[in-house]
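Per this note's numbering: the sequence shown = residues 8 to 394. The structure appears below as structure tokens.
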Amino acid sequence: MIYLAILFALIAKVLSPDSQGRAQSAPATSGEDRSSELARVITDPRTSSEDRDSALSALAMVDFEKAVRLAPSLVDEQDPVFRVRAAWILAEGGHDKGKEVLRTVAGSKTEESAMAVEALGRLRDPGSRELLRELLTQELAVSGKPGVSSAVLALVQALGDYADGRDAALLARAAKNRWTPGDWVMVDSVGRTAGPDAVPVLEEIFERGKGWTVMAAGLGLARCGSAKGAQYVRDRLGDARHDPAQPNQSRFTDSDTDDPQGPKATDFILTRLGVPADEMFVPELMRIVSSSLYSSTAKAQAWTALARINPVRDRKTILSAAWNDLLSTGAIRLVVQNDEPRAQAFVRQNERSDEPLQRAKANELRRALLAPSMVRRQWREIHGYSF
8 MIYLAILFAL IAKVLSPDSQ GRAQSAPATS GEDRSSELAR VITDPRTSSE DRDSALSALA
68 MVDFEKAVRL APSLVDEQDP VFRVRAAWIL AEGGHDKGKE VLRTVAGSKT EESAMAVEAL
128 GRLRDPGSRE LLRELLTQEL AVSGKPGVSS AVLALVQALG DYADGRDAAL LARAAKNRWT
188 PGDWVMVDSV GRTAGPDAVP VLEEIFERGK GWTVMAAGLG LARCGSAKGA QYVRDRLGDA
248 RHDPAQPNQS RFTDSDTDDP QGPKATDFIL TRLGVPADEM FVPELMRIVS SSLYSSTAKA
308 QAWTALARIN PVRDRKTILS AAWNDLLSTG AIRLVVQNDE PRAQAFVRQN ERSDEPLQRA
368 KANELRRALL APSMVRRQWR EIHGYSF
């Protein structure tokens, strides 16, 4: 256990940002050694299920392709959490067997069902969307009274990940008469559908809620086509006085008491932008990254949001601006996502440059180019997952 804890800590150190927000990397040989050791732990039946599961999670981050190769032999394991993780990795690798296992567990009404539901949401697999809708409909029929069960919340979040307007009415039904002032996660999921059928319940929450729930409802209204919601978001993004990093602002947040018209709302919106409907706010985000009125924190958040949205319109202009800000993590991600050959050429030409700034830019680009596939996937995700 102590050895495994040290190994996982080292992996986390390599994959996590350094003190300046930059991803750290390690020599390829040490990466190969780590993935081989993790594979040994995963396939050793004498190791506890908990440690094998932790090792599989770590391997998916450092060498996803190797994790996919191991997954077929792991999806029939007895430990349900380990089995679901293996199934998700297999499904993410493009194998139908993994999807089949996840669908079975999702409908089993066991303790692990929510984890499988979450995995299906993260996959955004069209073949699983109807199953999730059916399961949510069943849950709503059983728990017709106010209050939200963990099963309903998991299904709403998973369907929200699809960002599909066809799910708006069903998710709005789940939220109506169930939302409370603290249910911002559910409200956010309803809004991510970007469907007009969600507008009535989001308007009710926007008027009657508080704190982050109002923020989520305002952003959701914008995504669903409400002029009121769009104006709310633009007002937050367009007011530099509400920059999240202003010196007079508290670092502490409270989801119930944070002012929906204040800097915490700007912070909330910047960190939640990332679905296709958010492309309408690209002009505001570009204004933030280009203006001297905003802090480096707000600019970093705006670049990260742009990288998640990865806009199609005006991409040439956006990429040009990103190339001019290569010490910002989000700008680097945009460049690597859309201009990788040029990024590779830049690294080759400048990693030994006599100019410190060019060399620093090349080093940041190189780190991003070396990011494993699972890390790159996380660049596009708005929220984290439990597996």
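Note that beta-carbon positions come from the ideal geometry of N, C-alpha and C, so glycine has one too. These figures come from a predicted structure and were not determined experimentally.
Asked	Found
Residue interval of the alpha helix (DSSP H) (run including residue 116)	Run containing residue 116: none; DSSP gives neither H nor E here.
Within 9 Å, strictly: CB atoms of residue 7 and residue 164	Since the first residue of the chain shown is 8 and the last is 394, residue 7 is not available in this structure.
Inter-stretch contact at 8 Å, needing at least 3 Cβ pairs: the region 280–291 / the region 326–333	no
Residue 386 versus residue 377: straight-line alpha-carbon distance, rounded	14 Å
Length of the line joining the Cα atoms of residue 250 and residue 243	9 Å
Limits of the alpha helix (DSSP H) - the one that residue 196 falls within	191–199
Same chain only: Cβ atoms within 7 Å of residue 36, ignoring 5 sequence neighbours per side	Confidence at residue 36 is low in this model, with a pLDDT of 46, below 50, so its placement is unreliable and no value can be given for it.
In chain order, each alpha helix (DSSP H) run of at least 4 residues that lies wholly inside the region 39–112	56–69, 71–77, 87–99
Residue from 345, 379, 294, 156 whose Cα sits closest to the Cα of residue 184	156
Identity of the residue in 170, 111, 172, 171 nearest residue 142 by Cα	111
For residue 370 and residue 1, the rounded distance between their alpha carbons	Residue 1 is absent from the structure shown; the chain starts at 8 and stops at 394.
Residue 62, buried or exposed, once every other Cβ within 10 Å from all chains shown has been counted against 16	buried
Three-state secondary structure (DSSP) of residue 375	helix
Residue of 43, 51, 70 minimising C-alpha distance to residue 381	70
CA-to-CA distance, residue 66 to residue 274, given in whole angstroms	32 Å
Cα-Cα separation, residue 307 to residue 64	28 Å
Residue interval of the alpha helix (DSSP H) (run including residue 134)	133–149
Extent of the continuous alpha helix (DSSP H) run through residue 325	322–330
Where residue 217 sits in the DSSP three-state scheme	coil
Residue 303 versus residue 270 - alpha carbon distance	15 Å
Nonlocal neighbours in the same chain, by C-beta distance under 7 Å from residue 46, ignoring five residues either side	66, 73, 77
Cα-Cα separation between residue 118 and residue 51, rounded to whole angstroms	26 Å
Spatially closest choice to residue 173 from 161, 186, 205, by CA coordinates	205
Simplified DSSP state of residue 32, which is helix, strand or coil	Bear in mind that the predicted position of residue 32 carries a pLDDT of just 42, short of 50, making it unreliable; the figure below should be weighed with that in mind. DSSP places residue 32 in coil when its eight states are reduced to three.
Assigned secondary structure, residue 357 (DSSP; H/G/I helix, E/B strand, else coil)	helix
Opening and closing residue of the alpha helix (DSSP H) in which residue 306 lies	303–316
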